[in-house]
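Under my numbering, the first residue of the sequence shown carries the number 115, and numbering increases by one thereafter.
Every residue, glycine too, gets a C-beta built ideally from N, C-alpha and C.
Being a predicted model, the structure only gives us computed values, none of them experimental.
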Amino acid sequence: MLKIYLYILTCSTLIIFSACNALCPSFKEKKKKTYGIDVSHYQNEKSKINWYEVSQNKNPKIEFAYLRSTMGSNGQDTAFQYNYENAKKQKIAIGIYHYYRPNEDAQAQFENFATYNIKTGDLPPVIDIEQKSKFGNKKLLKELSIFLKLIEENYTKPIIYTQQKFYNMYFRNQFKEYDFWIARQSGIEKSPENNQPNKEPILLDNRCPLIWQYSGTGTINGIEGKVDLNITHSQFWIE
Numbered sequence: 115m116l117k118i119y120l121y122i123l124t125c126s127t128l129i130i131f132s133a134c135n136a137l138c139p140s141f142k143e144k145k146k147k148t149y150g151i152d153v154s155h156y157q158n159e160k161s162k163i164n165w166y167e168v169s170q171n172k173n174p175k176i177e178f179a180y181l182r183s184t185m186g187s188n189g190q191d192t193a194f195q196y197n198y199e200n201a202k203k204q205k206i207a208i209g210i211y212h213y214y215r216p217n218e219d220a221q222a223q224f225e226n227f228a229t230y231n232i233k234t235g236d237l238p239p240v241i242d243i244e245q246k247s248k249f250g251n252k253k254l255l256k257e258l259s260i261f262l263k264l265i266e267e268n269y270t271k272p273i274i275y276t277q278q279k280f281y282n283m284y285f286r287n288q289f290k291e292y293d294f295w296i297a298r299q300s301g302i303e304k305s306p307e308n309n310q311p312n313k314e315p316i317l318l319d320n321r322c323p324l325i326w327q328y329s330g331t332g333t334i335n336g337i338e339g340k341v342d343l344n345i346t347h348s349q350f351w352i353e
């Protein structure tokens, strides 16, 4: 009997959260949608990205690209400079992202970021956080907060990228002053031919994501292999 009650309660809770999340504007609405990709050296391993062909892709039309620049306290993406220069030539809006390592010092990570990024492009910088800290969530939140504030003080307010599951487990009701880019990659498994999104992210505190990464298996002209696909209905370019 207790198991049945808990099951009903869990299902009811999920229904409530789903209903509340419906308050967010759908990424599938007919209003203006903007599509983008995010890349790193992994997309340049077989052959370098042909950014002209990327700019000519029709389904979807790629209007922005986030490029990985730095990782942790000492990592630099070997394809960043090539990607930045060549994407810029095609007038694709460019943003940069830092892969945050939760077990490394926030100040040291910022110094690595600042050394290699004098400017951050056309879009707010993004902090990519995908792993929990071995020191616990309290330490993670504290160090990440330090890093975010350093970026904001020296550049502009950043965006936080993470997966739906990670957000719901560790970031729920945290960092309310920042926009989130949420990955829920269930986008095109049933329709790979059209690169269009499917199941939208559900955040358990009813926050509305700014950007949705809906697939990690997109196919885009100019890129050999699979690539992440993203959608937004907000104009978040830096003025």
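Go through its chain and collect everything with a Cβ distance to K357's Cβ below 7 Å, but skip five positions before and after it. There is simply no residue 357 to check, as the chain begins at 115 and stops at 353 in what is shown.
Out of curiosity, what's the CA-to-CA distance linking A297 and Y328? 6 Å
Sub-8 Å separation of Y196 and K162 beta-carbons: yes
Status (buried if at least 16 other CB within 10 Å, exposed otherwise) for S247: buried
Ignoring anything shorter than 4 residues or poking outside the region 185-272, list the alpha helix (DSSP H) runs there in chain order. 194-203, 220-230, 251-268
For the alpha helix (DSSP H) containing Y156, name the first residue and the last one. Looking at the DSSP string, Y156 is not in any alpha helix (DSSP H), and its letter there is neither H nor E.
Along the chain, where does the alpha helix (DSSP H) containing S169 start, and where does it finish? 165-170
Where DSSP assigns a beta bridge to T276, which residues make up the other side? I296
Quick one: Cα of K203 to Cα of F249, how far? 43 Å
Is the Cβ-Cβ distance between Y180 and G150 less than 8 Å? yes
Note down the Cα distance separating N158 from L258, rounded to an integer number of angstroms. 29 Å
8 Å contact criterion, which G186 and Y213 should meet: CB distance rounded: 7 Å
Kindly list the residues whose CB is nearer than 6 Å to the CB of A220, restricted to its own chain and excluding five residues on each side of it in sequence; keep chain order. E257, I260, F261
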